[in-house]
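Working notes, beginning with the structure itself.
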Amino acid sequence: MSAAVSATRVRSDASVVRRRRVGISLRYGFLAVLAIVYVFPFIIAIATSFKTEPDATANPLALRPHPATTQAYHDLYHGSDFTTWVKNSVIVTLSVTLLRVFLDSLAGYSLARLRFRGRGAAFATVVTVMAVPGVVLLIPKFLIIRQLGIYDTYYGMIIPLLVDAAGVFIMKNFFESVPISVEESARIDGASTFRIYWSIVLPMARPALITLFILSFQGSWNELSHFIVSTQSPSLFTLTKGVAQLASGQLGSGNRYPLKLAASILMTIPVAVLFFVFQRRIMNASSGAVKE
Amino acid sequence: MLRRWREPGIRGHEATAGWLFLLPVIVILGLFLILPIALAAWVSFSDWNGNGSPLGAHAHWVGLANYRDLLTTPSLDQSNFGTALRNNFYYVLLVVPVQTAIALFLAVLVNRGLRFVGFFRTAFYFPSVTSSVAITVLFLFLFSPSGVINKLLSYVGVTGPSWLYDPRGLFHVILDQLGVHQAPASLANGTFLGVSYWDWLAGPSIAMCIFIVMAVFTTSGTFMLIFLAALQSIDESVDEAAALDGASEWRKFRHITVPMIRPALFTVLTLGLIGTWQIFDQIYVGSKGSPSNTTLTPAYLSFDTSFNQNNWGVGAAIAFILFGIIIFFTLVTRVLTRSPDRLPRRRRFGPTGPIGDPDASHIVEAAQ
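Chains A and B supply the protein sequences, listed in that same order.
Numbering-wise (the numbering used here), the first sequence opens with residue 1 and increments by one.
Numbering-wise (the numbering used here), the second sequence opens with residue 1001 and increments by one.
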């Protein structure tokens, strides 16, 4: 092994450059192939949603629909409760996201900044709770929601999602990284704690709030299992529940792939838009947090 | 103490404000996390069948009967549970190493020094933001008998299986190709958790392979970001010093990169294990456990046993056993990835740990 190392050491610069060049082309090669593998399924899904069903079955790989038709979207709009699902998803996602950002930041601020007895215990509880896997809670949540009499209502869909321990944790971490001096001077000027939080701390916390907004929006828009256990009436179906039913149900004849894919594409648009708008922040969010 | 209450001073109202600010979070976590766990624990020791309230006259204490039913008494419940455990075990066994390896590979590729890395990162990460429902629908289409995958296979002269309708275990299929068509008597007779040894060794079914590929496809991008963050915190000069010393790419990777990203590796493995043992949405949307229960998982079985068969006690017991399994594997990962030179505690479980990472919380959410 050491022989190999010293042999490399005496190689000329030219060979190092050449080796590096080969390495770079190799990396681009891998990247190109992998990018196709990751992107192609979405492109084929979009193409298929504009195909007729026989075309989709006969030519699954064709990128150009022949003939091109918007029949799937038409059927989705007229033949299912798609608009109801969209409405419910929007109501639930917006309520959950806005309230969650508010409540999590409030709690995070309290845990990071305010001094009171029991703070350590409260924080330990939050961390412990975070470790409980969500799937384990499906049955328990249903039992409580029913016991509280909010089964099959918007309350049952929204309230249990309002708080997530991870969000509290993110906000606490953020507030701890902000210098305390500004708040102190406001405190000396006699501002109330809520006032300080609302008009001084929150505006400074914008980056963390946006991260939390993205996570909450994406999480509640894509949520399925909670809605399965908290509702049953079709009028409260969200997009995830509705499309899940489309996917497994026998809606009409045939495999209905264009229709199902059309529904999947439409339900992906909001999170995709959010992703592309905040792309840079999402990509840096994790690196920023880990680097601290 | 008293003095402080009477004379609020500049920090005097802090205690009140502190608790008030925390109140909503505490009430909701208590009401929808802690209380439910207590109630479900009671149900797992009861014979409640879904009628009335689990705290009312319809539920009776049955002790460990539900757990015995699953673990020791041969019954349909037990063989379903055994089957679900087997299925999920193979799912975890294949998904976790593959997604970790691919995520790390992607992260190394897009780390630095190339143009367009932004585009590639976006392409690899995008599947992670989509919903499990949409992705499942997409994969059911890709893997349909006349779908994209089988079409691609046909170009290289392979007749694809019928995927979602194929209950054969992968290892059984391979053995079949090698000429072993039947279970040897020693494996066919013995059973564990109501499943014969031969069936324990079946491997993931062809149908389950769809979900395995799908999990790798959707989560590798997220984990790539975690690795990427760790890679970017490595000082470039270390890398260059090694290069000047003539270390090959592989040696650099093995002896410099991997030890330095150990905390990230711990995070990814832990999150992978937690997430894969919880697979539910995809099964609910895609297969409901079919064909022949080979895509049944404990999470789905727990749901199905409770909500569809009204056997709430057994369903809740499954959930608690699953909880135990997840905790067990988390601890195992922690021990296995412990650095030999014992990093200080904060570095191992600090900001890179599953808790402090905003991305991590998002995966846990997505995995639910």
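From the three backbone atoms N, C-alpha and C, an ideal C-beta is built for every residue, glycine too.
Classification of residue i by the beta-carbon crowding that lies within 10 angstroms, buried from 16 upward
| i | result |
| --- | --- |
| A:P67 | exposed |
| A:V17 | exposed |
| B:Q1099 | buried |
| B:G1275 | buried |
| A:P133 | buried |
| B:Q1282 | buried |
| B:V1258 | exposed |
| A:V182 | exposed |
| A:T83 | exposed |
| B:G1169 | buried |
| B:A1304 | In the sequence as displayed, the identity of residue 1304 of chain B is Asp instead of Ala. Under this definition B:D1304 is a buried residue. |
| B:H1172 | buried |
| B:A1101 | exposed |
| B:Q1078 | buried |
| B:D1176 | exposed |
| B:A1128 | Reading off the sequence, residue 1128 of chain B comes out as Ser, not Ala. It is buried - the Cβ of B:S1128 has at least 16 other Cβ atoms within 10 Å. |
| A:I269 | exposed |
Amino acids of chain E, ordered along the chain, whose beta-carbon sits closer than 7 angstroms to that of residue i
| i | result |
| --- | --- |
| B:R1121 | Absent from the structure is chain E; the protein chains it does hold are A and B. |
Alpha-carbon to alpha-carbon, residue j and residue i
| i | j | result |
| --- | --- | --- |
| A:P54 | A:T238 | 29 angstroms |
| A:I159 | B:T1122 | 33 angstroms |
| B:R1112 | A:I24 | 11 angstroms |
| B:R1068 | A:I46 | 50 angstroms |
| A:V201 | A:A186 | 11 angstroms |
| B:T1218 | B:M1208 | 16 angstroms |
| B:I1321 | B:A1084 | 12 angstroms |
| B:G1203 | B:A1215 | 17 angstroms |
| B:F1124 | B:L1109 | 11 angstroms |
| B:G1075 | B:V1195 | A small fix is needed here, since residue 1075 of chain B is Ser in this sequence, not Gly. Each residue's Cα considered, the two are about 11 angstroms apart. |
| B:T1270 | B:A1103 | 14 angstroms |
| A:L261 | B:V1137 | 7 angstroms |
| B:R1346 | B:V1335 | A caution first: B:R1346 carries a pLDDT of 41, below 50, which makes its placement in the model unreliable, though a value can still be read off. Going by the C-alpha atoms only, they are around 16 angstroms apart. |
| B:G1369 | B:L1106 | Coverage of chain B is limited to positions 1001 through 1368, which leaves residue 1369 of chain B absent and any answer about it impossible. |
| B:Y1090 | A:A14 | 49 angstroms |
| A:D164 | A:D104 | 7 angstroms |
| B:S1186 | A:L138 | 40 angstroms |
| A:I214 | B:F1116 | 24 angstroms |
| B:L1093 | B:I1206 | 15 angstroms |
| A:R113 | B:L1114 | 42 angstroms |
| A:R206 | A:L212 | 10 angstroms |
| B:I1279 | A:A263 | 23 angstroms |
| B:I1212 | A:L106 | 40 angstroms |
Beta-carbon gap between residue i and residue j smaller than 8 angstroms
| i | j | result |
| --- | --- | --- |
| B:F1192 | B:G1082 | yes |
| A:F174 | A:A208 | yes |
| A:S110 | B:G1018 | yes |
| B:N1080 | B:N1293 | yes |
| A:P60 | B:G1118 | no |
| A:M130 | A:S230 | no |
| A:F227 | A:T97 | no |
| B:E1014 | A:F116 | yes |
| A:Y92 | A:S220 | The question names Tyr, but residue 92 of chain A is Val in the sequence shown. Cβ distance < 8 angstroms, so A:V92 and A:S220 count as in contact. |
| A:S49 | A:L246 | no |
| A:F295 | B:F1126 | The question about residue 295 of chain A has no answer here: the residues shown for chain A are numbered 1 through 292. |
| B:I1318 | B:L1301 | yes |
| B:F1120 | A:L31 | yes |
| B:V1285 | A:S95 | no |
| B:W1277 | B:N1087 | no |
Cut-off 8 angstroms between Cβ atoms - residues of its own chain near residue i, not counting five sequence neighbours on either side
| i | result |
| --- | --- |
| B:G1313 | V1043, S1044, F1045, S1046, D1047, W1048, V1062, A1065, N1066 |
| A:V37 | none |
| A:R19 | none |
Beta-bridge pairing of residue i - partner residues as DSSP gives them
| i | result |
| --- | --- |
| B:W1061 | B:S1046 |
| B:G1169 | B:S1205 |
| B:S1196 | B:T1191 |
Close Cβ partners of residue i (< 7 angstroms) along its chain, the five nearest in sequence each way excluded
| i | result |
| --- | --- |
| A:V277 | none |
| B:A1242 | K1252, I1256 |
| B:F1032 | none |
| B:F1323 | none |
| B:N1051 | H1058 |
| A:R21 | none |
Sequence-distant residues of its chain with Cβ nearer than 6 angstroms to residue i (five each side left out)
| i | result |
| --- | --- |
| B:F1143 | I1149, W1163, I1210 |
| B:A1230 | I1261, A1264 |
| B:E1007 | Bear in mind that a pLDDT of 44 at B:E1007, under 50, signals an unreliable position, so the number given afterwards is only what the model happens to contain. Excluding residues within five positions, none has a Cβ falling inside 6 angstroms. |
| B:S1306 | W1312, G1315 |
| B:F1329 | L1273 |
| A:L251 | Confidence is the limiting factor: at A:L251 the pLDDT is only 49, short of 50, which leaves the residue's position unreliable, though a coordinate-based value still follows. Answer for A:L251: no residue qualifies. |
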